[in-house]
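Below is one structure, written out as C-alpha cells; the observations come after it.
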Amino acid sequence: MSGTPEGPVHPEPAETHTAEPALTERDAGRREAELRDYRAAFRVARLAMALVDRDGVVVAANDSLGALLGTEAGALREQAAADLVDLASDGRTWHAYREVLRGRRSRFRCTRRLKHADGRSLWAEVTVAPVPGDRRVLLSIADISDRRELQARLRHLQMHDPVTRLPNRTLFFERLAAALEEPAAPREPHESYESYESYGYGRTGRIGLCYIDLDGFKAVNDTLGHRVGDRLLAAVAGRLTECADSDGYTRSGGHLVARLGGDEFAILVEDSTGTEQLTDLARSVLDALQEPFDLAGQRLSVSASIGVVERSGRGTTATALMQAADTTLYWAKADGKARWTLFDPERNAHRMTRQALSSTLRPAVEDGEFALEYQPLVDLADGAVRGVEALVRWHHPQFGPLPPNRFIGIAEEDGSIVELGRWILRTACRQARQWQKDHPRERPLFVSVNVAVRQVWDSDLVADVAGILAETGLAPHLLQLELTESAVMGSAGRPLQALQALSDMGVRIAIDDFGTGYSNLAYLSRLPVSVLKLDGSFVRGFQDEEHANAADELIVEALVRLAHRLGLTVTAECVETAGQASRLRRIGCDTGQGWLYSRAVTPERIAELIGTEPLPA
C-alpha cells in the first residue's frame, strides 16, 4: 500500500474541558455494560471496521477487516489507516480524510480498489466518521466487488451491440472523444514512425476513420428476413475485426471496430501513421467482404462503400470528423458503390459552397443580387441583330459574380427556380419593351428566356407569361422561351398543354441544345416548336477549315433542311469564327449566336447595337 505523502498526522493541542459531575455507581455500571456491548458488536460485526485515533493510526480492527485484507486483525494495529485502504493516492481524498481526523468534517466516503494478500483485487467502499463521545474515528469498509462487477456487466450490455457483440455508437463516440483529447508525444523531425514506436511513445497525434456502409443490405432483409440479415451483420463484424487486428500498423490495444446502427460500421484508428495506413485498411475490408458468406446454407455476397478520413487530431472535433466521414461515404456511394473514397478537402469545399449558395438563393432574389446580361442573336444572311438571349448572373456578396451553371441546377433542385425564373422573365420582357420604346423606328428585338421544366410543373407558367406580357406591354411574338431538348422531348400532360397554350398566345418556343438529348424527330411534328437551337458541339466541328469534319456538316445540313420543311427556324450556338459563320450560312442556318458577334453584355451595350451597322457575318 502507498504511504501518506505528508507523513503522519500530528495530534491536535489538548483541549480544555470543564469538570464533569462524578458518575454514580449505577451510571458507571451502565456505561461499562455499553462499552462491553460495543466491543462485542465491533468484534463480531460482518462489516470490516477499524478504530483510528486522531493521528490516523489503527487502534483496533475487527476480524472482518482482517479477513477482507487477508491478514490477522491484530496485525493491523499500529498501522496507518490511510496505507491500508489507499487514502493518500489522490489529494482530494487525503484532504477530506484529514479533515475528519481533525474534527472539521462530519464524515466522508470514497471507493477504492484494494489488493488482498493472495493477490486478487477487490473494490471497497470506505467510510470514515467520528465516534460519538470519543476523539477517535471509525473506519468502515464494505466489499462492493459484486456490485462493481454487475455495474461493469450492465455497462458492457449498454455499450455493445447485441447482434454483432461489437461496441455500439455510444462507446464509439466515447472512445473517439477520448482519443481526440490525448496529446501526441514529442517526436523529432528526423525520426521514423518505426523508431518512434520503438522508443515506447506510440502517440502520433493523428486519427483515422473508415466509415463503412453495406451496399444493398435492405434487399437481404426484405427477401430473406431479419434473422438472416442479423447473421450476415454478425459475420461482417467478424471479418471487420479480423481486418483491424491484422493491420500491420496496429499498436497495442488494436483498432476499435463498432457498429453505429443498421448496416453502418466504423473502424477507428488511433495514432494513425498517415493516409496510406487507412487506405490499405479500406482495401483489405473491401477484399474481405467480397468473399461470399455461407450462413446456415445461405450463400450470400455483399459489397460495401467506405468513406476514409485521416487527419491530425489537433483542432479536430468528433462532430467534424464524422461529418467528413459521412460526406466521403456519400461520395463513395455516388461514385458507384463497392469502393472506398478518401476525403478530399477541395471536393468538400465545393460541396460547402453549393450548400451556402442553396441557403442564400431565395433571399438573393429579394435582395437584388441578380442581374441580366444579353447575347445577340444575329441573322446569318445580313448580320443584323434580330434578338437577344437573356442570361442571368448572380453578384454574390461572398463569392463574387457567378455564371448560371453555378446556381441554376441548385435552384432547380430546391424549387427556387420558380421565383427566380419569374424574376428573369419579368426583367427581360421589361428590358425588351424599353429598347422598343427607345428605338421606335427600328425593328424591335425579340428576347429569348430559358425556362426550366420545373417551372412548368411547379407554377402556372401560362398565367405568369400572360401576366408579365400584359404588365410590360411586350408583344407575345417578341418573347421566345427556350427549353432543353430533354425537357421537351417526351412531354405529355401538363407540360405539353402549357407549351401549346403559350404557342397559341403567340409566344415562340425554342428547343435548346438540340442534338444532344433524345433526338426523337417524330416529336417535332407534334410539339408547338418554332425554333431549333443546334448544340455548339456540332458547330465546333466546323472550326478547322483545313480539316473540317464532313460528318458534322452533313448532320447540320440534314437538320436544317428537316427543320425548314417543318416550318422551323434554326439557330446555331457557339459561333466563334467567320469560317464557321460562312459555312452555316451556306448550309442555310437562319441565325447565329456566339463570341464572333458578342459575348453577353449589359442592356446599355445592346442599346448601342440597335440601328448600327450589321455585325460581321
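Just so we're aligned, residue 1 is where the sequence shown starts under the working numbering, counting upward by one. Built from N, CA and C at the ideal position, the CB exists for glycine as well.
- Taken in chain order, the complete alpha helix (DSSP H) segments of 4 or more residues contained in the stretch 138 to 179 are 145 to 159.
- At the C-beta level, Pro292 and Arg283 stay beyond 9 Å of one another.
- Contact annotation, Arg107 with Ala129: C-beta distance approximately 4 Å; criterion of less than 8 Å satisfied.
- Around Arg433, the same chain offers Thr472, Gly473 and Leu474 as residues with beta carbons nearer than 6 Å, after the five sequence neighbours per side are excluded.
- If you ignore the 5 residues before and after Thr327, its C-beta comes within less than 8 Å of the C-beta of Gly307, Phe343, Asn348 and Arg351, all in its own chain and listed in chain order.
- By the C-beta density criterion, Arg206 is buried, having at least 16 other C-beta atoms within 10 angstroms.
- Taking Glu576 as the centre and dropping the five residues before and after it, the same chain places the C-beta of Gly594, Trp595 and Leu596 closer than 6 Å to its C-beta, in chain order.
- Rounded to whole angstroms, the Cβ separation of Arg77 and Ala96 is 24 Å, and the two are not in contact under 8 Å.
- Of all C-beta pairs linking the stretch 524 to 537 to the stretch 495 to 513, three or more are shorter than 8 Å, placing the two stretches in contact.
- Only buried fits Ala88, as 16 or more other CB atoms lie within 10 angstroms of its CB.
- At least 9 Å separates the beta-carbon of Leu295 from that of Arg259.
- Using a 10 angstroms sphere on the CB of Asn450, the tally of other CB atoms reaches 16 or more, which defines it as buried.
- For Val285, the CB contacts under 6 Å within the same chain, skipping 5 residues up- and downstream, are Cys243 in chain order.
- Following the DSSP letters along the chain, one finds Thr275 inside the alpha helix (DSSP H) bounded by residues Thr275 to Gln290.
- Residue nearest to Val163 within the set Gly297, His226 and Ala152 is His226 (criterion: CA-CA distance).
- Between Ser598 and Pro376 a beta carbon distance of about 5 Å is seen, short of the 8 Å cut, so the two are scored as contacting.
- DSSP places Ser106 in the coil class of the three-state scheme, outside both helix and strand.
- Per DSSP, reduced to three states, the secondary structure at Gly56 is coil, with no helix or strand assignment.
- The residue among Pro603, Ala578 and Ala563 with its C-alpha nearest the C-alpha of Thr427 is Pro603.
- Ala338 is a Cβ neighbour of Ser305, given a cutoff of 9 Å.
- For Ser359, the uninterrupted alpha helix (DSSP H) segment begins and ends at Pro345 to Glu366.
- Here the alpha carbon of Ala288 sits roughly 17 Å from the alpha carbon of Gly216.
- For Cys243, the uninterrupted alpha helix (DSSP H) run begins and ends at His226 to Asp245, by DSSP.
- Taking every protein chain shown into account, the CB of Ala320 has fewer than 16 other CB atoms within 10 angstroms, so this residue is exposed.
- Looking at His156, Arg102, Ser312 and Gln151, the one whose alpha-carbon comes closest to that of Val131 is Arg102.
- Counting C-beta pairs with one atom in each stretch, the stretch 385 to 399 and the stretch 328 to 336 have fewer than three that are closer than 8 Å, which means they do not touch.
- Comparing C-alpha distances from Pro167 to each of Thr353, Phe538 and Glu264 shows the shortest one belongs to Glu264.
- When beta bridges are read from the DSSP output, His396 appears opposite Gly400.
- Within the same chain, no Cβ atom closer than 6 Å to the Cβ of Gln158 is found once the five residues on either side in sequence are excluded.
- One thing to note: Val388 has its Cβ no nearer than 9 Å to the Cβ of Pro614.
- Judged by DSSP in its simplified three-state form, Arg135 adopts coil rather than helix or strand.
- The three-state reading of DSSP puts Arg206 in strand, counting E and B together.
- In this structure, Thr612 keeps its C-beta atom at 9 Å or more from the C-beta atom of Arg386.
- Rounded to the nearest whole angstrom, the C-alpha separation of Val220 and Gln277 is 32 Å.
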